[in-house]
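*Asks:*
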Amino acid sequence: VVQIPGVKNPDEVIRIIGSTAQLGFYQVLAGDPALTEPPQIVPADEVDNIKEDIRENLKDDDAYKEGKTKVLFSETPARQGDGIEVYGYIVNENPDLTGDSLKQNGANVEFDQTTGKRIVSLELTAEGGRQMGELTQRMLNDSLASGEPAQLAIALDQDIQSAPTVEDTLGANISISNDGLPDGLPEDEAKQLETVLNTGALPVNMQVISQTTVGPTLGLSSLKSGLLASLVGFGLVLLLLFVIYRALGVVADLALLIYAFLLWGLIVIIPITVTLPGIAGIVLSIGVAADANVVIFERIKEEIRRGKTPRSAIQAGYDKGFRAILDGNVTTLITAFILFALSSGSVRGFAVLLSIGVVLSMFTAIVITRALLGLLSDRGIHLSPALMGVSKSTISATQQQAKVR
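In my numbering, the protein residues as written are 76 to 480.
#1: Whether or not the region 388 to 397 and the region 368 to 380 are in contact is what I'm after, with contact meaning three or more pairs of Cβ atoms, one per stretch, closer than 8 Å; do they touch?
#2: Hey, could you find the ends of the beta strand (DSSP E) Y164 is sitting in?
#3: Determine the extent of the beta strand (DSSP E) in which S196 is found, giving its start and end residues.
#4: With 16 as the cutoff for other CB atoms within 10 Å, does T190 come out buried or exposed?
#5: Would you mind working out which of G403, T144, A330 sits nearest Q233, comparing C-alpha positions?
#6: Give a yes or no on contact between the region 404 to 413 and the region 327 to 346, applying the rule of three or more CB pairs nearer than 8 Å.
#7: Starting from the C-beta of E160, find all residues in its chain whose C-beta is less than 6 Å away, skip the five residues before and the five after it, and write them out in chain order.
#8: Going by the CB atoms, is the gap between A388 and A440 shorter than 8 Å?
#9: At the level of alpha carbons, what is the spacing between S250 and I194?
#10: Does L231 pass the burial test, meaning 16 or more other C-beta atoms within 10 Å, or should it be called exposed?
#11: Rounded to whole angstroms, what is the Cα-Cα separation between G246 and V307?
#12: Tell me which same chain residues have a C-beta within less than 6 Å of the C-beta of D263, skipping the five on either side of it?
#13: Taking G238 and Y164 to be in contact with their CB atoms under 8 Å, please state how far apart those CB atoms are, rounded to whole angstroms.
#14: Given this structure, state the Cα-to-Cα distance separating V166 from K266, to the nearest angstrom.
#15: Sorted by chain position, which residues of the same chain lie with C-beta nearer than 7 Å to Q212's C-beta, five sequence neighbours on each side aside?
#16: Exposed or buried, what is R423 when buried is set at 16 or more other beta-carbons lying within 10 Å of its beta-carbon?
#17: Taking C-alpha atoms, which residue in D328, P261, A322 lies nearest to P385?
#18: In chain order, what residues of the same chain lie with their CB nearer than 6 Å to the CB of A411, ignoring the 5 residues before and after it?
#19: Compute the Euclidean distance between the alpha carbons of T200 and V318, then round it to the nearest angstrom.
#20: Rounded to the nearest angstrom, how far is the Cβ of L172 from that of Q206, given a contact under 8 Å?
#21: Taking the alpha-carbon of V260 as reference, which of A327, D187, E242, N248 has the nearest alpha-carbon?
#22: Can you grab the Cα-Cα spacing for the pair L104 / I345, in whole Å?
#23: Of the choices V271, R398, L447, V146, whose alpha-carbon is the least far from that of R130?
#24: Could you pull out every residue in the same chain whose Cβ sits closer than 8 Å to the Cβ of E168, ignoring the five residues on either side in sequence?
#25: Helix, strand or coil for V117, going by three-state DSSP, please let me know.
#26: Going by DSSP in three states, A405 sits in which element: helix, strand or coil?
#27: If you draw a straight line from the C-alpha of D86 to the C-alpha of L268, how long is it?
#28: Between A109 and V122, what straight-line distance do the alpha-carbon atoms span, to the nearest angstrom?
#29: Helix, strand or coil, according to DSSP, for P108 in the structure here?
#30: For D151, name the three-state secondary structure that DSSP assigns.
#31: With a threshold of 16 other CB atoms inside 10 Å of the CB of F348, please say whether the residue is buried or exposed.
#32: With distances taken Cα to Cα, identify the nearest neighbour of A355 among I413, D328, F372, G432.
#33: For L311 and G324, which I take to be in contact (beta-carbon distance under 8 Å), what is that distance rounded to the nearest angstrom?
#34: Buried or exposed: where does S436 fall if 16 or more other Cβ atoms within 10 Å of its Cβ makes it buried?
#35: Identify the residues that DSSP records as bridge partners of G259: which are they?
#36: Between I229 and F148, how many whole angstroms is the CB-CB distance? I'm expecting something under 8 Å.
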């Protein structure tokens, strides 16, 4: 099953996926006097003819070695006017790296955190990263000797899809960008490159059995339903805390509202694209935040039943409950880290939002609620056992058991 979001032309996707026999990374060989032929803009019906002319011209280049090198082409719609831009590249006969070097779904369209420009990030296997490092170092050495820029051609079935310039030695994590444009890579070009890279490494011949297109309206409806369910669940958690813990519940509710505000702020600032799995991560983190409060409040109630004053019970409750909260949240973070490391795509979004939520829940449960309760005590507001959800009968019973012991 191949799922590709944000695609406007399913037939083009099927064409690309259906031609995934060979994905290759090639060093564009430096030639004298030019690295490649300049682009030729021609009508679509003359592309084959112009390719032959470019091939014959490039065969006269010093970089061309019969039997060891070949000429590959890229075809892109002309940026100005009608026609097709055709580029010719001299590359080695065999690819320097194949699609096997790329992790499954290792290509993703992202935005550079420094420049904000659209890029395509690649994640290679460990062996692929090693080979890429050796290849790009060799390319840079050749570039330094020839004075020509180092280009890495990405080809699908002998057609060049992209030929970015290499400016440094690369490893397992690579980003493809276009610094010459204000927004980086054009959206359509970035999406197509992502599709080519993620599907081009499939070692099988593809046959389309069925095709389903989910429109943006249905996707938006699912997202809205997920958000509504999250809000309803959040409201029920607030209500339950108030009913069981009274004044403590009000404090916990305020802390959870602060938690929600901080979480949403981080989602907007980073920024993070919220998907349905991401919403699931947020909902789970709300439960983690509520659970942290429950652990502490039950400790506080236990201390009050033993006859301690509310102020001293609050202090003891936080001291005794902290270790249990820390252990539980660290375990959750380890699980989220494993999910992030071993998965891809939307599952990673779930892991990221769950991790952020867990860290924030620790902050709100231990710092915010404690600060609010301390503020109430400093202002002289009396928190009776009844206001903290502890009945007199349970206090008496606990104290009587203590005397018997």
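Note that the Cβ used here is the ideal one computed from N, Cα and C, for glycine as well.
*Replies:* The answer reads as follows:
#1: Verdict: yes, contact present.
#2: Counting along the chain, the beta strand (DSSP E) containing Y164 begins and ends at 159 to 167.
#3: For S196, the uninterrupted beta strand (DSSP E) segment begins and ends at 193 to 199.
#4: Classification of T190: exposed, given that the 10 Å Cβ count is below 16.
#5: Cα-wise, what sits closest to Q233 is T144.
#6: Taking 8 Å as the limit for Cβ pairs, the verdict is that the region 327 to 346 does not touch the region 404 to 413.
#7: Closer than 6 Å at the Cβ level, and outside the excluded window around E160, lie P114, I116, T151, A153.
#8: Contact: no.
#9: Between S250 and I194, the C-alpha separation is close to 6 Å.
#10: Buried: at least 16 other Cβ atoms inside 10 Å.
#11: Using only the alpha carbons, I get a separation of about 46 Å.
#12: Leaving aside the five residues that flank D263 on each side, none in its chain has a CB nearer than 6 Å to its CB.
#13: For clarity, residue 238 is Ala in the given sequence; the question names Gly instead. Right, their Cβ atoms sit about 6 Å apart.
#14: Whole-angstrom Cα-Cα distance: 25 Å.
#15: Cβ within range, chain order: T244.
#16: Counting Cβ neighbours within 10 Å, R423 comes out buried, since at least 16 surround it.
#17: Ranking D328, P261, A322 by Cα distance to P385 puts A322 first.
#18: If we look at A411 and ignore the five residues flanking it on each side, its Cβ neighbours are A426, L429, S430.
#19: When rounded, the distance between both Cα atoms is 52 Å.
#20: Beta-carbon to beta-carbon, L172 and Q206 are separated by about 6 Å, close enough to satisfy the 8 Å threshold.
#21: The amino acid occupying residue 260 in the given sequence is Leu; Val does not appear at that position. Closest in C-alpha terms to L260, from the list A327, D187, E242, N248, comes D187.
#22: When rounded, the separation of the alpha-carbon atoms in L104 and I345 is 39 Å.
#23: Taking only the C-alpha atoms, the option nearest R130 is V146.
#24: Cβ neighbours of E168 beyond the five flanking positions: G142, K143, T144, K145.
#25: Note: V117 maps to strand in three-state DSSP.
#26: The sequence as given places Val at residue 405; Ala does not occur at that position. Helix, per DSSP.
#27: One alpha carbon belongs to D86, the other to L268, and they sit about 16 Å apart.
#28: Low confidence applies to A109: its pLDDT is 39, below 50, so where it sits in the model is not reliable, and the reading given next is rough at best. Each residue's alpha carbon lies about 22 Å from the other.
#29: Confidence is the limiting factor: at P108 the pLDDT is only 36, short of 50, which leaves the residue's position unreliable and the question unanswerable from this model.
#30: Position check: residue 151 holds Thr in this sequence, whereas Asp was assumed. In this structure, DSSP gives T151 an extended state, which the three-state scheme calls strand.
#31: The question names Phe, but residue 348 in the sequence shown is Thr. By the 10 Å Cβ count, T348 comes out exposed.
#32: Selected option, being the one with the closest Cα: G432.
#33: Rounded, the Cβ-Cβ distance is 13 Å, inconsistent with contact.
#34: Classified as buried, S436 has 16 or more neighbouring CB atoms from the shown chains inside 10 Å of its CB.
#35: The beta-bridge partner set that DSSP reports for G259 consists of R193.
#36: The Cβ separation is near 13 Å, so there is no contact.
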